[in-house]
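Participant: Residue numbers (my numbering): 71 to 477.
As structure tokens, then:
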């Protein structure tokens, strides 16, 4: 069976992270979202993957090339982002038999795919959908089931009839393409894949299959990366490269991965699960707490504490700094004494600016979202939930109270 990954979208809600990279390339536990999904597709026997690309497509193409493990990768460009229905139509001439479709901003396990494919091959519907229980169904496409048949699909209803959401993971027969040809633009002025699926629901040709907890995560908002990072780090094997140097009096406690060429200096204390990439320098005398990912070529200085954060490649966290519950882009530099606050005085949920509106993260603790190539001076304080756009320079001894934009 072949697969299609819809990876052309701009990921506006994930800014500032997606200003410089496409959302499928955002990292979870040290690897891009798309890489985790390709691994899952390879495990279920997929031979050809059609990647529908658009926004910053070069980053995807240069990273993955034309082959991944046992699969051939084919790139198809969606020149204008006109919705998921339009995206799927770009591969119409490439597909001759039943095929898997994934949205590019999801993390899925191989189990969710293998179960869905197995059920589809047994029952032979026109459409098989993976469904997930969610806490806030009004933010998703909500599905009603009778037995295993989908009887309704409603996008973001004000009064949801169930907690079952469309996960964005499907198996389709080629019948989907004529159905897509007949749909009209939605109120968002996009061609919606779900409008084509509704045609098959009327004819009772759509099967829904519930997925287990932890098999699917929608990476629609920045803090979802931390959710996914935690879930993945609990489940993956952790290894320490033989080419790692761990100095005397450094402590690695629990499940910790360390890449080759990395030096863990004396006095460093690392609590797992934690992932540290290649060619990093950690310490001396620093504290790396659980669910932290530090990617390749990073430096963590003396008396630094990092907790439950994603630190992307080539970033330096200077001495006497604190980073908690944050997502930090590539090639950033923290001046000495930079502190990221992650808790409000009143203990309320942290709100974050998304598309110029303040949105609750649902978290009591959340630090900052920092784009690539940001530099902070010494003794900078960053308030909870603030975003800093790529290339910003933050003056020494200043306090970041609002989003910092750059051109």
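Cβ atoms here follow ideal geometry from the backbone N, Cα and C, with glycine treated the same way.
In whole angstroms, what is the alpha-carbon distance linking residue 331 and residue 383?
Facilitator: 14 Å
Participant: Taking the C-alpha atoms as reference points, what is the distance between residue 213 and residue 269?
Facilitator: 14 Å
Participant: Excluding the 5 residues flanking residue 260 on each side, which residues of the same chain have their C-beta closer than 6 Å to its C-beta?
Facilitator: 152 and 153
Participant: List, from N- to C-terminal side, the beta strand (DSSP E) runs of 3 residues or more that fit wholly inside the segment 315-363.
Facilitator: 321-323, 326-328, 339-341 and 344-346
Participant: Are the beta-carbon atoms of residue 239 and residue 158 separated by less than 7 Å?
Facilitator: no
Participant: Quick test of your reading: residue 129 and residue 303, contact by CB under 8 Å. State the CB separation rounded to the nearest angstrom.
Facilitator: Not a contact, Cβ separation roughly 24 Å.
Participant: For residue 318, which residues of its own chain have a beta-carbon under 8 Å away from its beta-carbon, when the five flanking residues on both sides are left out?
Facilitator: 336
Participant: Among the candidates 342, 366, 341 and 292, whose CA atom is the shortest distance from the CA of residue 101?
Facilitator: For residue 101, the nearest C-alpha among the options comes from 366.
Participant: Would you say residue 143 and residue 119 are within 7 Å of each other, going by their C-beta atoms?
Facilitator: yes
Participant: Would you kindly work out how many angstroms separate the C-alpha atoms of residue 90 and residue 133, rounded to a whole number?
Facilitator: 15 Å
Participant: Given a threshold of 16 other Cβ atoms within 10 Å of its Cβ, counted over all protein chains shown, does residue 199 qualify as buried or as exposed?
Facilitator: buried
Participant: Starting from residue 459, trace the beta strand (DSSP E) in both directions and tell me its first and last residue.
Facilitator: Membership of residue 459 in any beta strand (DSSP E) is not indicated, and neither H nor E is assigned to it by DSSP.
Participant: Taking the alpha carbon of residue 389 as the reference point, which residue from 409, 398 and 381 has its own alpha carbon closest?
Facilitator: Measuring C-alpha to C-alpha distances from residue 389 to each of 409, 398 and 381 identifies 409 as the nearest.
Participant: Would you call the segment 427-445 in contact with the segment 290-301, where contact means no fewer than 3 C-beta pairs closer than 8 Å?
Facilitator: yes
Participant: Tell me, to the nearest whole angstrom, how far the beta carbon of residue 253 is from that of residue 266; I am working on the premise that it is less than 8 Å.
Facilitator: 5 Å
Participant: Assign residue 140 to buried or exposed, taking buried as 16 or more other Cβ atoms, counted over all protein chains shown, within 10 Å of its Cβ.
Facilitator: An exposed status is given to residue 140, since fewer than 16 other beta-carbon atoms sit within 10 Å of its beta-carbon.
Participant: Indicate the three-state DSSP secondary structure (helix, strand or coil) for residue 390 in the structure shown.
Facilitator: coil
Participant: Please check the pair residue 170 and residue 71, which I expect to be a contact at CB under 8 Å, by giving their CB distance rounded to whole angstroms.
Facilitator: 6 Å
Participant: Do the segment 364-378 and the segment 336-353 meet, that is, are 3 or more Cβ pairs less than 8 Å apart?
Facilitator: yes
Participant: Over what stretch of residues does the alpha helix (DSSP H) that includes residue 118 continue unbroken?
Facilitator: The continuous stretches of alpha helix (DSSP H) do not include residue 118, which lies in the beta strand (DSSP E) extending over residues 118-123.
Participant: Between which two residues does the beta strand (DSSP E) carrying residue 239 extend?
Facilitator: 234-242
Participant: Between 106, 244 and 225, which lies nearest to residue 262 when the distance is taken from Cα to Cα?
Facilitator: Comparing Cα positions, the closest option is 225.
Participant: Which one or two residues does DSSP pair with residue 277 in a beta bridge?
Facilitator: Partner(s): 198 and 219.
Participant: Could you say which of 217, 223 and 350 lies nearest to residue 207 if we only look at CA atoms?
Facilitator: Nearest C-alpha to residue 207: 223.
Participant: If I measure Cβ to Cβ from residue 352 and keep anything under 6 Å in the same chain, skipping five residues before and after, which residues do I get?
Facilitator: 334, 338 and 370
Participant: Nearest to residue 447 by CA position, among 391, 361 and 230, is which residue?
Facilitator: 391
Participant: Any idea what DSSP makes of residue 431, helix, strand or coil?
Facilitator: coil
Participant: Which partner residues of residue 113 appear in the DSSP bridge assignment?
Facilitator: Assignment of beta-bridge partners to residue 113 by DSSP yields no partner.
Participant: When DSSP labels each residue in this structure, what does residue 253 get in the three-state scheme?
Facilitator: coil
Participant: Does residue 472 pass the burial test, meaning 16 or more other C-beta atoms within 10 Å, or should it be called exposed?
Facilitator: exposed
Participant: Tell me which same chain residues have a C-beta within less than 6 Å of the C-beta of residue 183, skipping the five on either side of it?
Facilitator: So the list reads 110 and 114, once near-sequence residues are dropped.
Participant: Going by DSSP, what residues sit across from residue 77 in a beta bridge?
Facilitator: Under DSSP, the beta-bridge partners assigned to residue 77 are 123.
Participant: For residue 156, name the three-state secondary structure that DSSP assigns.
Facilitator: helix
Participant: Among the residues of its own chain, which have a CB less than 7 Å from the CB of residue 449, if the five just before and after it don't count?
Facilitator: 407, 466 and 467
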